[in-house]
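First up is the structure itself, then whatever we jot down about it.
2 protein chains.
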Amino acid sequence: MSLESYMNQIGQQARAASRLLAKASTQQKNMALLAMADALETARPRLIEENLKDMQNGKEKGLDAAMLDRLLLNDARIDGMIEGLKQVATLPDPIGEITGMEYLPSGIQRGQMRVPLGVIGIIYESRPNVTIDAASLCLKSGNSTILRGGSEAFYSNQAIALAISEGLSAAGLPPEAVQVINTTDREAVGQLITMPEYVDVIVPRGGKSLIERISKDARVPVIKHLDGNCHVYVDNEADEAKALKIVLNAKTRRYGVCNAMESLLIHKEVVNQQLPVLASALEEKGVELVGCVQSQAVVSSISPATEEDWYTEYHAPKLSVKVVDNMDEAIAHINKYGSHHTDAIVSQDYTKARAFMTEVDSASVMVNASTAFADGFEYGFGAEIGISTDKIHARGPVGLLGLTSQKYIVLGDGHTRDN
Amino acid sequence: MSLESYMNQIGQQARAASRLLAKASTQQKNMALLAMADALETARPRLIEENLKDMQNGKEKGLDAAMLDRLLLNDARIDGMIEGLKQVATLPDPIGEITGMEYLPSGIQRGQMRVPLGVIGIIYESRPNVTIDAASLCLKSGNSTILRGGSEAFYSNQAIALAISEGLSAAGLPPEAVQVINTTDREAVGQLITMPEYVDVIVPRGGKSLIERISKDARVPVIKHLDGNCHVYVDNEADEAKALKIVLNAKTRRYGVCNAMESLLIHKEVVNQQLPVLASALEEKGVELVGCVQSQAVVSSISPATEEDWYTEYHAPKLSVKVVDNMDEAIAHINKYGSHHTDAIVSQDYTKARAFMTEVDSASVMVNASTAFADGFEYGFGAEIGISTDKIHARGPVGLLGLTSQKYIVLGDGHTRDN
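From first to last, the protein sequence lines are chains H and B.
Each residue of the first sequence is one higher than the one before, counting from 1 in the UniProt record's numbering.
Each residue of the second sequence is one higher than the one before, counting from 1 in the UniProt record's numbering.
Rendered as structure tokens:
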């Protein structure tokens, strides 16, 4: 079969399965999730065996230690996947909720019903556990899924796919509700993102270059984030102790995450007082500082920042520092150089807190809290499929609701429209 | 200035203006709308004069009568634009609404704030009144607008643009909040839809070929609908009188609208009884019928339908008719051949009504009501910028809410994340 026919078949099967999933009961979906957990448990030896093939291939191909670590499936990680499935089964089902039913002057009643998006394509890189994470959230929200993992995790993903389809069948749901593409041909991705008749939305999970490529070529809506260039602005009305806690947490909790602070803005009136304290606490943790001329004048260990630094998500123990004249300059800087992901103000001033929340154009805006909270679990969604920096549809951490749509429903009793 | 520099300038100005609009008060936006109404009133003679140029050019270019009619600005249509501005001023302002603030286990409070999308690009064809309709809804929802009208309405649109910017200035808002592109170069559209740094969403209004072209080439999200291939399914449990009223209204109220019925599905058990009544009522109104073999056996005046007919939005006094064995077949037909716009069931059966609402994958699903109700005014939104058949972001009639986004806001008091 040609790749095109294969992808079309995958698409048609996904669409057909989505019709059945859309009317599956919560109980049936939960049963499938738990049956998938059982199937993973049973498949444990096979999973580790198949993963070994990927690990050996990866070593032969010269993957670095970090990539090999992401690729590895061991008992703890399989436990994690099983636990994840059980957790998703406990989440409330968003599907079918009816809201806003109102009688209108014409006599009809109009409201909205929450429904699945339909078919979701997930494109991801080396970590095989994404197969389970993504499939479980899509299934719970009534969507069928087409998964395309990295070629380096091919055998692991196929083994996981088998367990998934066993679980689906055990619960009486179509095994095509979750399909893992069984070819490593890169053209399969090109097909997947240009089949709007079969795929309703694409969620790419991986490095920036992967996501940029997909966004550029997709003919299907993409839920994505490219960058997490997050800021903390320390205002002249900031409480010093809170500023220190928040700055340290936002930068040093973890360096490789998208909600880490990459740029610190500080009001000129408090820079002499507070920047030395903040800088030495950060440097003690091993954070390298670059900054504007004014910040260098206060803390001599700060190296000069280039224009490019203000745009940069370091993903590393490095931070850019800028002194600003006032909050408006901080907001303008964030809106210009930031990535519209997550930005925070530290201030005790009520009016400024209110204005910062309104004017900063980001998916999450925080007052006196660490940017690290921008996360589906911390926001109480139980799980997340990713974080969106897009403005349409899902913005910020995307949980089950982001995988749904609302259609209008109208109830009448023979009503017709007059004019 | 090159077209590229010109479009970049337009984009930068729109982005800068959007920052000011995002924090403009409701009162200020309403004042601008009313000042725009006054400015249109004052400009009335100039509008008619400039429109005359477009009309003359159109006649010379050989535009047909329907297009010339859409192009025409007369006193009644200017009254309509002025009235529209005043109505939008009375609509509730969606911006700034905060919902769902919840305390989470970490101690932070998390909710969502409704904010403008930012910059909206509107691409439309001949009708100059769209300039006002679109600009007023975008302004009320705090967005700046870049408008690109049809070249045939160039002079009319420029004259309207001048009145708009007078109104904005009078209310102390930046005139760049609404910009009308002042070139007829078609490449301007190509630029507009590929500037994600300056434009947040594109709303194309016009024929299917325009919208298809834009969707294909856009690098910016598009809110659109391509087709309105709407169905009414008359169930074997339908009330006959209601079925007749609804079928007639859905088909014959207006033929050129996207919420008109284009296909009638009827249950085999009631086809002998009801189809002759429905067919003769429709034919009396001048509707041409094509249909499946079974429908032809019952009503001899029905001509044979081709496979293509089931996909077709006639926009004309023509209807396809299909006899189905049961509701499941009707739903499968609608989901396969329909355009996911608006579909209705006529039935007194509770269980079927419930299943139809759940399983039909359309932006609006109706029970015992005419498809003609799928409309922003009828749904109580006060106005609409269009109807979306997309599943993500706005689905169905799009009012002010569809032009907004929700960002997360987090309140803490020095909170940091532990793990």
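For every residue, glycine included, the Cβ atom is placed at its ideal position computed from N, Cα and C.
Within chain B, partners of residue i - CB distance below 7 Å
{"i": "M113 of chain H", "result": "M357"}
{"i": "K245 of chain H", "result": "G414, T416"}
Cutoff 8 Å: residue i Cβ touching any chain B Cβ
{"i": "H333 of chain H", "result": "no"}
{"i": "N229 of chain H", "result": "no"}
{"i": "I132 of chain H", "result": "no"}
{"i": "residue 423 of chain H", "result": "Here chain H covers residues 1 to 419 and nothing more, so residue 423 of chain H does not appear."}
{"i": "Q406 of chain H", "result": "yes"}
{"i": "E313 of chain H", "result": "no"}
{"i": "residue 475 of chain H", "result": "Nothing in the structure corresponds to residue 475 of chain H, since chain H is present only between 1 and 419."}
{"i": "I122 of chain H", "result": "no"}
{"i": "L282 of chain H", "result": "no"}
{"i": "N368 of chain H", "result": "yes"}
{"i": "L40 of chain H", "result": "no"}
{"i": "I108 of chain H", "result": "yes"}
{"i": "L411 of chain H", "result": "yes"}
{"i": "V232 of chain H", "result": "no"}
Own chain partners of residue i with C-beta closer than 6 Å, once the 5 adjacent residues on each side are dropped
{"i": "A374 of chain H", "result": "N259, T342, S364"}
{"i": "E313 of chain B", "result": "D227, G228, N229, E262"}
{"i": "M36 of chain B", "result": "L85, I164, G167"}
{"i": "Y124 of chain H", "result": "V130, G149, R205, G206"}
{"i": "L401 of chain B", "result": "P94"}
Residue i at chain H interface by Cβ criterion, 8 Å
{"i": "T416 of chain B", "result": "yes"}
{"i": "R89 of chain B", "result": "For clarity, residue 89 of chain B is Ala in the given sequence; the question names Arg instead. Output row for A89 of chain B: interface = no."}
{"i": "M327 of chain B", "result": "no"}
{"i": "K242 of chain B", "result": "yes"}
{"i": "N249 of chain B", "result": "yes"}
{"i": "L264 of chain B", "result": "no"}
{"i": "R46 of chain B", "result": "no"}
{"i": "P276 of chain B", "result": "no"}
{"i": "R354 of chain B", "result": "no"}
{"i": "R253 of chain B", "result": "yes"}
{"i": "residue 420 of chain B", "result": "Chain B is shown only over 1 to 419; residue 420 of chain B falls outside these bounds and no answer can be derived."}
{"i": "P221 of chain B", "result": "yes"}
Proximal residues to residue i (C-beta, below 7 Å), its chain only, five neighbours per side dropped
{"i": "Q12 of chain H", "result": "Y198"}
{"i": "residue 428 of chain B", "result": "With chain B running from 1 to 419 in the structure shown, residue 428 of chain B is simply not present."}
{"i": "S169 of chain B", "result": "P175"}
{"i": "M357 of chain B", "result": "V365, V367"}
Backbone CA spacing between residue i and residue j [nearest angstrom]
{"i": "V398 of chain H", "j": "I385 of chain H", "result": "6 Å"}
{"i": "N272 of chain B", "j": "P196 of chain H", "result": "39 Å"}
{"i": "R335 of chain H", "j": "S362 of chain H", "result": "First, the amino acid is wrong: residue 335 of chain H is Asn here, not Arg. Taking the straight line joining both Cα atoms gives about 8 Å."}
{"i": "A305 of chain B", "j": "Q109 of chain H", "result": "35 Å"}
{"i": "D239 of chain B", "j": "T99 of chain H", "result": "27 Å"}
{"i": "A332 of chain H", "j": "S295 of chain H", "result": "19 Å"}
{"i": "A161 of chain H", "j": "K242 of chain B", "result": "50 Å"}
{"i": "A24 of chain H", "j": "G142 of chain H", "result": "7 Å"}
{"i": "M366 of chain H", "j": "V277 of chain H", "result": "22 Å"}
{"i": "D69 of chain B", "j": "R46 of chain B", "result": "19 Å"}
{"i": "L264 of chain H", "j": "K322 of chain H", "result": "6 Å"}
{"i": "F381 of chain H", "j": "Q87 of chain H", "result": "11 Å"}
{"i": "Q348 of chain B", "j": "K140 of chain H", "result": "32 Å"}
{"i": "V257 of chain B", "j": "A188 of chain B", "result": "29 Å"}
{"i": "A218 of chain B", "j": "K224 of chain B", "result": "12 Å"}
Sequence-distant residues of its chain with Cβ nearer than 8 Å to residue i (five each side left out)
{"i": "Q27 of chain H", "result": "none"}
{"i": "I246 of chain B", "result": "V232, A344, V346, N368, A369, S370"}
{"i": "E102 of chain B", "result": "Q109, R110, G111"}
Neighbour list for residue i in chain H, Cβ cutoff strictly below 7 Å
{"i": "L139 of chain B", "result": "Near L139 of chain B there are no residues of chain H at all, since even the closest Cβ is about 17 Å away, more than 7 Å."}
Partners in chain B for residue i, counting only beta-carbon separations shorter than 8 Å
{"i": "S362 of chain H", "result": "K407"}
{"i": "A153 of chain H", "result": "The contacting residues do not exist; A153 of chain H stays about 27 Å from chain B at best."}
{"i": "D217 of chain H", "result": "Those do not exist, as D217 of chain H stays about 10 Å from chain B at its closest Cβ, beyond 8 Å."}
{"i": "S347 of chain H", "result": "Ordered by position in chain B, no residue passes the 8 Å Cβ test against S347 of chain H, which lies about 11 Å from the chain."}
Closer than 8 Å at the beta carbon, the chain H residues around residue i
{"i": "G118 of chain B", "result": "D361, K391"}
{"i": "R70 of chain B", "result": "Within chain H, no residue comes near R70 of chain B; the closest Cβ sits about 20 Å away, beyond 8 Å."}
{"i": "D239 of chain B", "result": "G414"}
Partner residues on chain H for residue i, Cβ-Cβ distance less than 9 Å
{"i": "V365 of chain B", "result": "M113, K407, Y408, I409, V410"}
Near the ligand GDP: residue i beta-carbon under 7 Å from a heavy atom
{"i": "E378 of chain H", "result": "This structure lacks the ligand GDP, and indeed carries no ligand of any kind."}
Looking at chain B, which residues of the segment 5-34 of chain H have a Cβ within less than 8 Å of any of its Cβ atoms?
R19, A22, K23
Any residues in the segment 177-210 of chain H with a beta carbon nearer than 8 Å to a beta carbon of chain B? Which ones, in chain order?
D200, V201
Going along the chain, which residues of the segment 371-400 of chain B sit with their C-beta nearer than 7 Å to a C-beta in chain H?
A372, F373, E378, Y379, G380, K391, I392, H393, R395, G396
Just by C-beta distance, which residues in the segment 91-103 of chain H are closer than 8 Å to chain B?
G96, E102
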